Amino acid sequence: MAVIKLNIYVADIDDVIGLFDKIRVWVSTTGLSGPYVLMTTAAAMSARIDGTVAAPFTIHGDTFTVAVNGGSDQTMTFVVADPVQVDAAVEDINDQTLLITASANGSKVRLDTDLLGRAATLEIVGGTSLTELGFVADTFVTGSDAHVSLVPAQSEYEYEDVNGDSTYYYKTQYYNSTSGTYSGLSDPVKGDVGAIVPAAELITAVIDIVDLAGVPVENNEVAFYNVYIPPLSRGAFSVLGRTVSVYTNGAGHAEISLIRGATVDVTITNTGITRRIEVPETGDEFNLMDAVSAAPDNFQIQTPSIPLAVRRS
17 MAVIKLNIYV ADIDDVIGLF DKIRVWVSTT GLSGPYVLMT TAAAMSARID GTVAAPFTIH
77 GDTFTVAVNG GSDQTMTFVV ADPVQVDAAV EDINDQTLLI TASANGSKVR LDTDLLGRAA
137 TLEIVGGTSL TELGFVADTF VTGSDAHVSL VPAQSEYEYE DVNGDSTYYY KTQYYNSTSG
197 TYSGLSDPVK GDVGAIVPAA ELITAVIDIV DLAGVPVENN EVAFYNVYIP PLSRGAFSVL
257 GRTVSVYTNG AGHAEISLIR GATVDVTITN TGITRRIEVP ETGDEFNLMD AVSAAPDNFQ
317 IQTPSIPLAV RRS
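Position one of the sequence shown corresponds to residue 17 (the numbering used here), numbered consecutively onward.
Dropping the structure here:
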């Protein structure tokens, strides 16, 4: 799994916030065409799995194995005498496992992670009690984050799927949490894979682009080409990969984290600008156009300056 970052731009925020107060996020784990599943809820929720068989159970001496939040398998053994009522089964599970809470869902067993949000995960690994309790081996679920709240005058939002994957596709929609009304879904997008390099080794490049009339230029690519000038490592990480790109949003804005001290060729689509810069070592962010403007154009045809011969007649 990976941390996937979604940058959400809300055009006409004043009009949107007059109708809606939340942004809902949907995910497809199977490709562009879906199906898409709602991954945010009114409030952050645990990872939950419900058993499908009602008590009483015949499970004395049987085992039950789960994995929580990506941790090691936890195996417990039911010690209560048969026939086992749901409250007794719940008590046995709670006494012998960590990070989850079992409860009675009617006469069936319900499991919830103590952790809330998308970072919470719960997997039914196995055990001899599964059929009797109504659980299925290899069932894996995640918790859900709260919907993203819309804020007056704020057009840009960021959402992180901490249990995402680079192959996932996402859609968003506006939602009114009072009336229950919602907008249509956005076009599908892939998010950005979050960096695994420590934040202290990264710096954010920022650029804002408008046309001659002052209108933001949307979906304009800014590409960075790795020149492979030493150092080619940052701490324990080797810096490989030829190209990374970022696209401007509806406000003409784009930003991307880069390795400090790296030497890169920057190309801004639709401008003819290509410059070689050294990514700054200090600060939290830098203005990319300032760095590009100060860099010489190494790709321009060089014209030698040859002095004319002195005329002697």
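Just so you know, even glycine gets a beta-carbon here, dropped at the ideal spot from N, CA and C.
Note that the structure is a prediction, hence the values are computed from the model and not measured.
Paired residues, beta bridge with residue i - DSSP
{"i": "residue 281", "result": "241, 292"}
{"i": "residue 161", "result": "56"}
{"i": "residue 44", "result": "185"}
{"i": "residue 142", "result": "81"}
{"i": "residue 301", "result": "220"}
{"i": "residue 23", "result": "174"}
Which of helix, strand or coil DSSP assigns to residue i
{"i": "residue 55", "result": "coil"}
{"i": "residue 318", "result": "With a pLDDT of only 46 at residue 318, under the threshold of 50, the placement of this residue in the model should not be trusted; the figure read from the coordinates follows. If DSSP states are grouped into helix, strand and coil, residue 318 belongs with coil."}
{"i": "residue 123", "result": "coil"}
{"i": "residue 215", "result": "helix"}
{"i": "residue 286", "result": "coil"}
{"i": "residue 99", "result": "coil"}
{"i": "residue 18", "result": "strand"}
{"i": "residue 268", "result": "coil"}
{"i": "residue 134", "result": "coil"}
{"i": "residue 209", "result": "strand"}
{"i": "residue 197", "result": "coil"}
{"i": "residue 202", "result": "coil"}
{"i": "residue 36", "result": "coil"}
{"i": "residue 232", "result": "strand"}
{"i": "residue 155", "result": "strand"}
{"i": "residue 75", "result": "coil"}
{"i": "residue 128", "result": "strand"}
{"i": "residue 70", "result": "coil"}
{"i": "residue 169", "result": "coil"}
Range covered by the alpha helix (DSSP H) that runs through residue i
{"i": "residue 148", "result": "146–149"}
{"i": "residue 107", "result": "102–112"}
{"i": "residue 309", "result": "304–310"}
{"i": "residue 30", "result": "29–33"}
Range covered by the beta strand (DSSP E) that runs through residue i
{"i": "residue 66", "result": "62–66"}
{"i": "residue 221", "result": "218–224"}
{"i": "residue 175", "result": "172–180"}
{"i": "residue 262", "result": "259–263"}
{"i": "residue 89", "result": "89–93"}
{"i": "residue 276", "result": "Looking at the DSSP string, residue 276 is not in any beta strand (DSSP E), and its letter there is neither H nor E."}
Practice item. Spell out a yes or no on whether the stretch 97–108 and the stretch 31–45 are touching, meaning 3 or more CB-CB pairs, one atom from each, closer than 8 Å. Key: In short, these stretches do not touch, since the Cβ pair count stays below three.
contact_flag[the stretch 83–93, the stretch 42–51] where n(CB pairs < 8 Å) is 3 or more | No: the two stretches stay apart, fewer than three of their Cβ pairs being nearer than 8 Å.
* Tell me, please, whether the stretch 152–161 touches the stretch 130–141 by the rule of three or more beta-carbon pairs shorter than 8 Å. => Segments in contact, yes.
Is the stretch 120–129 touching the stretch 176–193 in the sense that three or more CB pairs, one from each, lie closer than 8 Å? No, the stretch 176–193 is not in contact with the stretch 120–129.
Task: Stretch-stretch touch, CB-based, cutoff 8 Å, three pairs: the stretch 57–70 with the stretch 211–227 - done: No, the stretch 57–70 does not touch the stretch 211–227.
Problem set entry | the stretch 171–180 touching the stretch 96–104, judged by at least three CB pairs closer than 8 Å | In short, these stretches do not touch, since the Cβ pair count stays below three.
key: Three-pair Cβ contact test at 8 Å for the stretch 189–208 versus the stretch 234–241   = The stretch 189–208 vs the stretch 234–241: no contact.
Evaluate the contact criterion for the stretch 266–281 versus the stretch 221–236: three or more CB pairs, one atom per stretch, below 8 Å.
Yes, the stretch 266–281 is in contact with the stretch 221–236.
Notebook entry, point to check: Contact between the stretch 37–44 and the stretch 163–170: three or more CB pairs below 8 Å?
Noted result: Yes, the stretch 37–44 is in contact with the stretch 163–170.
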